[in-house]
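K.L.:
Chains as they are written, first to last, in our numbering: chain A, 1 to 146; chain B, 147 to 292.
Built from N, CA and C at the ideal position, the CB exists for glycine as well.
Below is one structure. I have some questions about it.
Number of protein chains: 2
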Amino acid sequence: MTEPSLRLDDQVCFALYAASRAVTGFYRPVLDKLGLTYPQYLVLLALWENGACPVKDLGAALQLDYGTLSPLLKRLEKAGLVRRERRRDDERSVLVTVTEEGAALRERALELPPAIGAAMGLEDAEFDQLRSLLRKLTTSVAEHSG
Amino acid sequence: MTEPSLRLDDQVCFALYAASRAVTGFYRPVLDKLGLTYPQYLVLLALWENGACPVKDLGAALQLDYGTLSPLLKRLEKAGLVRRERRRDDERSVLVTVTEEGAALRERALELPPAIGAAMGLEDAEFDQLRSLLRKLTTSVAEHSG
DNA sequence: GGCGATCAGATCGCGGGCGAGCTAAACGTG
DNA sequence: CACGTTTAGCTCGCCCGCGATCTGATCGCC
C-alpha cells in the first residue's frame, strides 16, 4: 500500500491543464489576426455549425454558463460578428445569429485546424485516440460531479 | 480534397478545453474544503515536492508567468500557507517556502488523486496513455510556438 | 569603476470561468 | 383568473491567464 503520488508531473489533471493552455496559446496569435479570443472562436464554431441558436443551447454545447457567455456575446455583438434578439414567441429566450461579417470570418478560420493539427505532432491514430479519451474523461467526470 | 472540419465536436482543442474545465470543476468542491483554488493547489504540489523554490522555478514548473503567479502567491501568503522572502545573495529573486500550516495541508491533499482517479473512469492503461499523449502534445505545441 | 544589457519580479488592464443573487417571462395548478 | 414555481438570461465579485510596462538588482564589458 504505497502513498498516492502528489508529484506534479504524475497528475493527469496537470497534464490536462498544461496541454489546454499550450494549445490555446498556440491559437492566440492566429486568432488575434481575426480579432477573436479562443472562447469567442469556439462560440463561432458552434454558431457556424448550427446557424442561429439561443444562448441556452450555446451554453449546453460549450459547457459554459451565462456568467461567461453573456459578456462574451456582448463583445461579439459589439464587434459586429453576431446579433442578439429576444424571441417573439418566448421573450425569455435570446436568439444569437451570425452576421454577414461573422459568416465571412468562417472562410479565414478554415486554415486553423490544419495548422494546429500540424503543430500537435501526433499521428492520426494518436489524434483520434486522444480525442476519444478526452471525451470519455469529460463525460465520466461530469457524471461523478452530480 | 475535403474541406477541413470546423465542427466543434471534431476539434481536439475543444475536447481539451472541455475536459480541462470538467476536471477542475470536479476538484473545486473538494479544494474548497481546503480553502484552495485549483491553480493554488498546483503551486502547492510543486512546493511540497521541491521544498522551497524561487518564483521563477515555480513558473517554469507550472508554465505560468509572473502576472499570474505574483498575485496568486500573495494570496497564498495571506492565507498563511506560504512565506515569500528576497534572497540575501540575489535580491532580485524571491524564495517561496511552505509554512507549517501549508505542510499540514499536504496530508489532507493525499486523498485527492485517488478520488479524481476514480471519477475519471479510465483503465490504468488508458490513464497512462492519456497522460503521455498530453505530454507529447504539450511539448510539440510549445516547440511550434517559438 | 561606469554603463548598457539582462534578469527577477511586480503591477495593470482585459477577457475569460464561475458561483451567487437578481429580474422578468412563461407555466401549472387551484 | 391568481399565485407559486420554473426557466432564460443578466450582473457582480473573485480568481485566474497573459501581454505590456515598470522597477531594481546583477552581470558584462570597456
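Determine the burial state of A:G146: buried for a count of at least 16 other Cβ atoms within 10 Å of its Cβ, exposed for fewer.
P.N.:
Exposed is the call here.
K.L.:
What's the gap between the Cα of B:L193 and the Cα of A:W48?
P.N.:
Rounded to whole angstroms, B:L193 to A:W48 spans 45 Å at the Cα level.
K.L.:
Compare the C-alpha of B:L180 against each of B:C159, B:L256, B:D156, B:T243 and name the closest.
P.N.:
Checking every option, the nearest Cα to that of B:L180 belongs to B:L256.
K.L.:
Are the CB atoms of A:L44 and A:L58 nearer to each other than 8 Å?
P.N.:
In this structure, A:L58 does not lie closer than 8 Å to A:L44 by Cβ.
K.L.:
Using a C-beta to C-beta distance shorter than 7 Å, which residues of chain B count as neighbours of A:V141?
P.N.:
Going along chain B in sequence order, the residues near A:V141 (Cβ under 7 Å) are A168, V169, F172, A265, M266.
K.L.:
Considering only their Cβ atoms, is the gap separating A:L62 from A:L42 smaller than 8 Å?
P.N.:
Contact: yes.
K.L.:
Should B:S151 go down as buried or exposed, given a rule of 16 or more other Cβ atoms within 10 Å for buried?
P.N.:
By the 10 Å Cβ count, B:S151 comes out exposed.
K.L.:
In angstroms, rounded to a whole number, what distance separates the CA positions of B:L276 and A:V12?
P.N.:
Their backbone Cα atoms lie some 8 Å apart in a straight line.
K.L.:
Could you tell me if B:A164 is buried or exposed, where buried requires 16 or more neighbouring beta carbons within 10 angstroms of its beta carbon?
P.N.:
The residue in question, B:A164, is buried, as its Cβ has 16 or more Cβ neighbours within 10 Å.
K.L.:
Per DSSP, which one or two residues make a beta bridge with B:V242?
P.N.:
B:C199, B:R230, per the DSSP bridge assignment.
K.L.:
Relative to the C-alpha of A:A115, which residue among B:V244, B:S286, B:D270 is closest?
P.N.:
That would be B:S286, whose Cα lies nearest to the Cα of A:A115.
K.L.:
Kindly indicate which residue of B:R153, B:T183, B:C199 has the alpha-carbon position closest to the one of B:V244.
P.N.:
Nearest C-alpha to B:V244: B:C199.
K.L.:
Kindly list the residues whose CB is nearer than 8 Å to the CB of A:L8, restricted to its own chain and excluding five residues on each side of it in sequence; keep chain order.
P.N.:
Cβ neighbours of A:L8 beyond the five flanking positions: F14.
K.L.:
For a contact meaning CB atoms closer than 8 Å, what does A:K136 contact in chain B?
P.N.:
Those are G267, L268, E272, listed as they occur along chain B.
K.L.:
Residues of chain A with a CB under 7 Å from the CB of B:P260: which are they?
P.N.:
Those are P4, listed as they occur along chain A.
K.L.:
State the Cα-Cα distance for the pair B:R232 and B:P185, rounded to the nearest angstrom.
P.N.:
Taking the straight line joining both Cα atoms gives about 23 Å.
K.L.:
Could you tell me whether the Cβ atoms of A:V96 and A:V82 are closer together than 8 Å?
P.N.:
Cβ atoms of A:V96 and A:V82: closer than 8 Å.
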